[in-house]
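Under my numbering, the residues of the sequence shown are numbered 166 to 461, in order.
In what follows, a single structure is set out as structure tokens and then discussed.
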Amino acid sequence: MNFNLWGLSGSLHTERDSQLPFAEDRLAFWRDALDHACNRFDPESEISRVNRAAGVVSVSAPLTRALVAARRAHELSEGLCDPTVLDSLLALGYDRDFDELGVLEDTPVSLVPAPGFAALDFDEEARTVRQSGEWRIDLGASAKALLADLVAEDVAPTGGVVVEVGGDVCAKGRGAEGPWVIGLATTLDITGLEPRITLEDGAIATSSNDVRTWRRGDTLVGHIIDPRTGRSAVSPYAAVSVIDADCVSANAFATAAILWGEDAGWHIAQAGRSARLVRHDGSVELVGAWPREEDA
């Protein structure tokens, strides 16, 4: 089955048809829970209320799960996958659903480094954050990866399952005909001719510097923000795909790789992950034990 969430497409497939009703139920549960907790475009969502609050704020179990995932992504990426870049995104004009963005006026904006995850003073056990008024968060990147992980984890005891959300894929077990076949798209223009790999009991995430871009006057800006500067990312890579045990981790490394630039391969290799890095001219660099690719 196919679905949409936060302006992203997704899909859910199971090894056997008999698994699908349960899988759809778990998808609906986690999709609704994370949408209510993490949708910054909904002024009534929990994250919107937290961003407007003051002092110590109690957070729900779903938002706690999302914050734990965001903290892990922040740690794995050495701080480059940072949820506190929301002020930069808003300053650059990303203040509504992406489909509603047009060409914006290139008005002067003040962009500063992000305060970092530690600014939240997040207490996982107490399920609280401390809103100082100095930060606002966007959990979209790690939340979509978390959704794929949670649904796949819930469905896996019933058989093979693969969940894809906005380019993040989590696979458990095998499909009816063997390992899951995953297409390696680097843009939103899917042709069906993309190279493919097989995957079971793992995850792959792709981050792209060439999608979800918009114009401020004559300047092209994008959704990946460098927390060290608050500015839109500039990278030698158009897209990076990373394989890991779970989507949250894979997404963290893929996003960080865009920002690591020419050092991305070294960082990924040092972390023991495998990756596929695509430059703007289409040339491909592989890192680690990347699986054999097949033509469609």
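Glycine residues also receive a C-beta, built at the ideal position from the N, C-alpha and C atoms.
No experiment lies behind these values; they were computed from the predicted model shown.
Under the three-state DSSP convention, the category residue i falls into
i, result
"residue 445", "coil"
"residue 388", "coil"
"residue 396", "strand"
"residue 175", "strand"
"residue 187", "helix"
"residue 407", "strand"
"residue 349", "coil"
"residue 314", "helix"
"residue 285", "helix"
"residue 242", "coil"
"residue 307", "helix"
"residue 321", "helix"
Residue range of the unbroken beta strand (DSSP E) whose run includes residue i
i, result
"residue 295", "293–296"
"residue 329", "326–330"
"residue 368", "367–373"
"residue 431", "Here residue 431 belongs to no beta strand (DSSP E); instead the alpha helix (DSSP H) covers 429–435."
"residue 170", "167–170"
"residue 363", "361–364"
Residue closest to residue i, alpha-carbon to alpha-carbon, out of the options
i, options, result
"residue 225", "456, 193, 290", "290"
"residue 308", "427, 230, 210", "230"
"residue 387", "438, 377, 394", "377"
"residue 413", "403, 370, 172, 445", "370"
"residue 312", "454, 234, 347", "234"
"residue 456", "429, 365, 186", "365"
"residue 396", "239, 221, 406, 245", "245"
"residue 447", "359, 298, 363", "359"
"residue 168", "302, 331, 212, 202", "331"
"residue 349", "242, 278, 318, 405", "405"
"residue 205", "399, 303, 220", "303"
"residue 458", "329, 361, 298, 434", "361"
"residue 407", "375, 196, 426, 440", "440"
"residue 162", "328, 257, 394, 306", "Examination of residue 162 is not possible in this model, given that the chain is present from 166 through 461 alone."
"residue 318", "347, 288, 346, 367", "367"
"residue 251", "345, 278, 185, 373", "278"
"residue 186", "442, 316, 345", "316"
"residue 393", "324, 178, 276, 351", "276"
"residue 449", "314, 217, 401, 223", "401"
"residue 203", "212, 196, 197", "212"
"residue 391", "399, 385, 384", "399"
"residue 220", "210, 183, 293", "293"
"residue 188", "237, 328, 201", "328"
"residue 248", "258, 403, 280", "280"
"residue 242", "424, 451, 453", "424"
"residue 192", "178, 222, 182", "178"
Extent of the continuous alpha helix (DSSP H) run through residue i
i, result
"residue 333", "Per DSSP, residue 333 belongs to no alpha helix (DSSP H); it is in the beta strand (DSSP E), 333–337."
"residue 425", "412–425"
"residue 251", "251–256"
beta-carbon residue i near the ligand GDP non-hydrogen atom, thresh 8 Å
i, result
"residue 208", "As far as ligands go, the structure on display features none, and thus does not contain the ligand GDP."
Chain D contact for residue i (CB, 9 Å cutoff)
i, result
"residue 211", "Protein chains in the displayed structure number just one, and chain D is not present."
Quick test of the definition: if touching needs 3 or more C-beta pairs under 8 Å, does the stretch 280–292 touch the stretch 331–342?
no
Quick one: complete beta strand (DSSP E) runs, 3+ long, within the stretch 193–240?
220–223
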